[in-house]
Amino acid sequence: MGSLSGRRIVLGVTGSIAAYKSALVVRGLVKAGAEVRVVMTPGAKTFITPLTLGTLSGNPVHSALTEDVEAGTWTDHVELGLWGDVVLVAPATAHTLAGMVEGRGDNLLLTVLLSAKCPVVVAPAMDRDMFLHAATTENLEKLAARGVHIIDPDTGELASGLTGKGRMAEPERIRTELTTWFKSQAPLIGYRALITSGPTQEPLDAVRYLGNRSSGRQGAAIALELAKRGMQVDYICGPSDIPTDHPGVHRVDVTTALEMKAAAEAALGAATPDVIIGAAAVADVRPRMTIDGKASKGELPDTIELVDNPDILAHLNAAAPDACYKVGFALAHGDGRAAALRKLSAKGCDLVVLNSITDKGAGFGHTTNRVDFVHGPDRIDSFELKTKEAVAVDLADEVQQQLLERPPLLTPLDD
Ligand code: C5P
């Protein structure tokens, strides 16, 4: 597996003489396993042809804002920005850096950079005095403050004949810096999660249901935290209006436990997850009969016969490979440690996240949670009351530690 296996890189090429080295940048990235889509500024095309970069990347090169003026089609910069795990601009001219600082959108690359949700890396290339100019220095400082990673240029002979700092970093250094940086930014790229979240609603008739007060907030926070770390997340969610907008979160909304089971099993069948997290508050039972339409008061039965819902997490855990890390949740009334330990083995989990509805500020409906991580009788980690986002960070840290000990079970490229 290449060091950049499965990583999607949008490579921006701008109008510097160093653009001739972009061919080697593309080749190095592709050889390391990355998928590369090149976006060229109009200026870049005077230094290197789209045909060269298109051939080496194996993908069409984009450079115009409009694809076909007559047909009225445009190049979808939003799609390009969302597609990439990173946008790498190499070489990045003083002009493009200034355009990024100002948020200009007068060429395709700048609009991609404005739309990108992913991190951005730039490899500046320019003449010594341009690089030393206060405008460039300030622009690089501003971009760094916004989180743009800068690959420092080399010092040496420049195209102008001058000697100094400004030569674009060699393609090999760009590739190694990018690989190291990727690992630090999104250490879980290439790994996959399957999460169930939210309540389920079990219909009595067209308007009435059995349900619970779960908001889906904890599951949503976990999905977003894992996606932020680079994971692809299949997020199967019962009725919940907590948003999970992130390109890495593939959300399937369901209503009943049976729908949740079917959607989760479909996701498991489509791509092997590295971690399964059952954060859903699945209704344990459902009415045996559902009345068609809305029953009038007199039509409602005196007693409702209930049947058990399947245990979704237990089914998923049994079907997933042993190497998949399996996490369940347990909501207890009072000290639920003994019950959590039982659930560990009964459901085939590696970890049960225990929370108690008797803890103030924890459980359903709150924005905070207080949890214990129950790994086994000899290891139970207790945490303070904290926001559900902070609990998600603790859980993601644990998941990350487990996953980084082995390669992904199935990389996105194998999908
Ligand atoms: O047995 P209990 O409902 O306490 O177990 C809670 C854990 O099991 C949670 O992780 C929940 O998502 C999962 N579960 C499930 N399907 C059910 C019941 C619980 O996936 N029918």
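Residue 357 in the numbering used here sits at position 274 of the sequence shown, and the numbers go up by one each step.
The C-beta atom is built at its ideal place from N, Cα and C for all residues, glycine as well.
Check whether residue i and residue j have beta carbons under 7 Å apart
i, j, result
"Gly249", "Pro270", "no"
"Asp357", "Tyr274", "yes"
"Ala340", "Ala362", "no"
"Thr97", "Thr124", "yes"
"His160", "Leu191", "yes"
"Gly376", "Cys320", "no"
"Ile387", "Asp288", "no"
"Phe447", "Arg296", "yes"
For residue i, the first and last residue of its enclosing alpha helix (DSSP H)
i, result
"Thr238", "From DSSP, Thr238 is part of no alpha helix (DSSP H) but of the beta strand (DSSP E) over 237–240."
"Val390", "Val390 -> not in any alpha helix (DSSP H); beta strand (DSSP E) instead, spanning 389–391."
"His398", "395–402"
"Asp189", "Note, Asp189: premise wrong, no alpha helix (DSSP H); not H, not E."
"Met343", "340–353"
"Lys471", "471–486"
Assigned secondary structure, residue i (DSSP; H/G/I helix, E/B strand, else coil)
i, result
"Gly532", "The question about residue 532 has no answer here: the residues shown for the chain are numbered 84 through 498."
"Asn452", "strand"
"Ala364", "strand"
"Ser323", "coil"
"Lys200", "coil"
"Arg229", "coil"
"Gly459", "strand"
"Val122", "strand"
"Val170", "strand"
"Asp498", "Bear in mind that a pLDDT of 38 at Asp498, under 50, signals an unreliable position, so the number given afterwards is only what the model happens to contain. DSSP places Asp498 in coil when its eight states are reduced to three."
Rounded Cβ spacing between residue i and residue j (contact assumed at less than 8 Å)
i, j, result
"Leu277", "Leu399", "7 Å"
"Leu72", "Val113", "The question about residue 72 has no answer here: the residues shown for the chain are numbered 84 through 498."
"Leu180", "Gly188", "Contact doesn't hold; Cβ gap of about 15 Å is too wide."
"His145", "Thr158", "5 Å"
"Val204", "Trp264", "7 Å"
"Glu285", "Pro384", "With 8 Å as the limit, Glu285 and Pro384 do not qualify as a contact, their Cβ atoms being about 15 Å apart."
"Ala423", "Val435", "4 Å"
Delimiting residues of the beta strand (DSSP E) encompassing residue i
i, result
"Phe412", "408–415"
"Glu247", "Correcting the residue identity first, residue 247 is Gly in this sequence and not Glu. First-last of the beta strand (DSSP E) with Gly247: 246–250."
"Thr279", "275–280"
"Ser439", "434–439"
"Asn462", "Looking at the sequence itself, residue 462 is Arg, so the reference to Asn does not match. 462–465 is the span of the beta strand (DSSP E), which, as asked, contains Arg462."
"His25", "Nothing about residue 25 can be read from this structure; the chain reaches only from 84 to 498."
Beta bridge counterpart(s) of residue i as assigned by DSSP
i, result
"Pro286", "Tyr292"
"Asp212", "Answer is none; Asp212 lacks a bridge partner."
"Ala175", "Pro207"
"Asp151", "Thr156"
"Asp499", "This structure gives no information on residue 499, because the portion of the chain shown stretches from 84 to 498."
"Arg369", "Val390"
"Ile359", "Leu277, Lys409"
"Val184", "DSSP output for Val184 lists no bridge partner at all."
"Val109", "Its beta-bridge partners do not exist; DSSP assigns none."
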